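*Asks:* Sequence positions in the sequence shown follow numbering that gives the first Met the number 0 and run 0 to 147. Ideal Cβ placement from N, Cα and C applies to all residues, glycine included. Here the structure is a predicted model, which means the values were calculated and not measured.
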Amino acid sequence: MPTREDPLVSFKFGLEIEGKLTGFFTQVSGIGSESEVIQHKVVNSETGETIMQQIPGRLTWTPVTLKRGVTSSMDIWEWRQQVVEGKIGEARTNCSIVAYAQDNTEIARWNFENAWPSKVVGPEMDAGSTNYMIEDVTIVHEGVERVS
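(1) Once you ignore the five residues that flank residue 52 on each side, which residues in its own chain have a CB closer than 6 Å to its CB?
(2) Do you know how far the Cα of residue 5 is from the Cα of residue 100?
(3) Out of 64, 50, 122, state which residue places its alpha-carbon closest to the alpha-carbon of residue 70.
(4) Measuring straight from C-alpha to C-alpha, what distance separates residue 89 and residue 145?
(5) Alpha carbon to alpha carbon, what distance is there between residue 48 and residue 20?
(6) Tell me, please, whether the segment 74 to 86 touches the segment 104 to 112 by the rule of three or more beta-carbon pairs shorter than 8 Å.
(7) Which one or two residues does DSSP pair with residue 34 in a beta bridge?
(8) With distances taken between CB atoms, is the gap from residue 55 to residue 28 smaller than 8 Å?
(9) Apply the 10 Å Cβ neighbour rule to residue 96 and answer buried if 16 or more other Cβ atoms are within range, or exposed otherwise.
(10) Could you pull out every residue in the same chain whose Cβ sits closer than 8 Å to the Cβ of residue 50, ignoring the five residues on either side in sequence?
(11) Have a look at 11, 61, 129, 46 and flag the residue whose alpha-carbon is nearest the alpha-carbon of residue 23.
(12) Going by DSSP in three states, residue 148 sits in which element: helix, strand or coil?
(13) Roughly how many angstroms lie between the CA atoms of residue 114 and residue 141, to the nearest whole one?
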């Protein structure tokens, strides 16, 4: 009989760049890939019937967006600055998003190839607010694999 496994519940997400944990994030979205769908018309040689086949075309990797509370760490901004200065060769790096359980054990990991930050957005600020300041980073990459 198959073992029942409940869905994973994650309490925090870490970003590792070249194996070094750069910080924790409260939200992560966009992990995935998509194939363009190409319709191909085929004629059945026996019946003469026209059939539309759908075949995979160009593969694209979706950008990943992470959100976190602003801290004194400048790591994301420094990484983005490499791109701003045209140092894309230095900015491209392998990284991982790691999901952690409540007891801080790793429960899932996605590895990204040749990733770099395409966008960083600072916090919205309101003197009358009691909310935490949140910053966003969007990372583009050339491949993702879920390894655990």
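*Replies:* Reading from the atomic positions:
(1) 39, 41
(2) 13 Å
(3) 122
(4) 25 Å
(5) 58 Å
(6) no
(7) 58
(8) no
(9) buried
(10) 40, 41, 42, 43
(11) 11
(12) Given that the chain is displayed from residue 0 to residue 147, the structure contains no residue 148 and the question cannot be resolved.
(13) 7 Å
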